[in-house]
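Numbering (our numbering), first residue to last: 150 to 381.
Pasting the structure below:
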């Protein structure tokens, strides 16, 4: 062990059942201080740098925040466990987007416990109580869900969706047919776009690559107002 820090309590730098961690682009550590319904920031050595959040259901408030993720822009995503939603906030805690509500339908949550964001800004949520992982576009639009029941080849199959304005290519590659997820508790994405899901109830980790999907108009970069022709 290199070091340990923190003690139980509700004061600055104290923690009550911390459950999620994420590093920001500056190497600072964000901690989901679950029992205190807030997010705290520390140096890797444990120096307290501040925090934000309070108990409640309004945007920017939390009811037992759980999983954390930070995107390439430095915005913070929080799996707001008992509020059955995911919040996107600035690195100072200003709310930007709220995704989801209580339920079992598409885009709804039952105790979300983990969140991840890939290089495209797509958002993955471990919807633990509904035994699935849900995928959302960066705008918060529901795209699809993973329940662990896909049958995929060892090489992976490619899906290309033709769209004259944009193309988003994904692969899906499992090595075997998978059973249904049982209480997935977290989700992570690696540099190759592969999705890792700790399947708590099945005592294993499942690995996916998401398939292609067509972007909607507001998810496509607008055309240049003064396009320039580059030649070589």
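Think of the CB as a built atom: it goes at the ideal place given N, C-alpha and C, for glycine as much as any other residue. Here the structure is a predicted model, which is why all the values come from computation and not from measurement.
Output needed for residue 248: all residues of its chain with C-beta closer than 8 Å, excluding positions within five of it in sequence on either side, in chain order. 234, 235, 236, 237, 256, 272, 274, 285 and 289
Less than 7 Å between C-beta atoms, sequence neighbours within five positions excluded: which residues of the same chain meet that for residue 253? Correct list, in chain order: 259 and 279.
Contact defined as beta carbons within less than 8 Å: I believe residue 182 pairs with residue 167. What is the distance between those atoms, to the nearest angstrom? 6 Å
Once the 5 residues before and after residue 199 are set aside, which same chain residues still bring their CB inside 7 Å of it? 190
Anyone know if the C-beta pair for residue 173 and residue 219 falls short of 7 Å? yes
So residue 228 is in the beta strand (DSSP E); what residue range does that whole segment cover? Looking at the DSSP string, the run of the beta strand (DSSP E) that includes residue 228 is 225-229.
Distance, residue 265 Cα to residue 336 Cα: Roughly 6 Å between the two C-alpha positions.
Going by C-alpha distance, which of 225, 210, 161 and 213 is nearest residue 196? Among 225, 210, 161 and 213, the Cα nearest to that of residue 196 is on 161.
Name, in chain order, the residues that DSSP records as bridge partners for residue 244. In DSSP, residue 244 forms a bridge with 238.
Considering residue 258, what are the terminal residues of the beta strand (DSSP E) in which it resides? Note, residue 258: premise wrong, no beta strand (DSSP E); not H, not E.
Tell me which same chain residues have a C-beta within less than 6 Å of the C-beta of residue 350, skipping the five on either side of it? So the list reads 331 and 332, once near-sequence residues are dropped.
Leaving aside the five residues before and after residue 292 along the sequence, list all residues of the same chain whose C-beta is less than 7 Å from its C-beta, in chain order. 284, 285, 286 and 362
Taking 7 Å as the threshold (C-beta atoms), are residue 334 and residue 251 in contact? no
Does the separation of the CB atoms of residue 169 and residue 205 fall below 7 Å? no
What did DSSP end up calling residue 349 once you bin it into helix, strand or coil? helix
Would you kindly work out how many angstroms separate the C-alpha atoms of residue 342 and residue 242, rounded to a whole number? Roughly 27 Å separates the two Cα atoms.
Tell me the DSSP bridge mates of residue 129? In the structure displayed, the chain extends from 150 to 381; residue 129 sits before or after that span and is not available.
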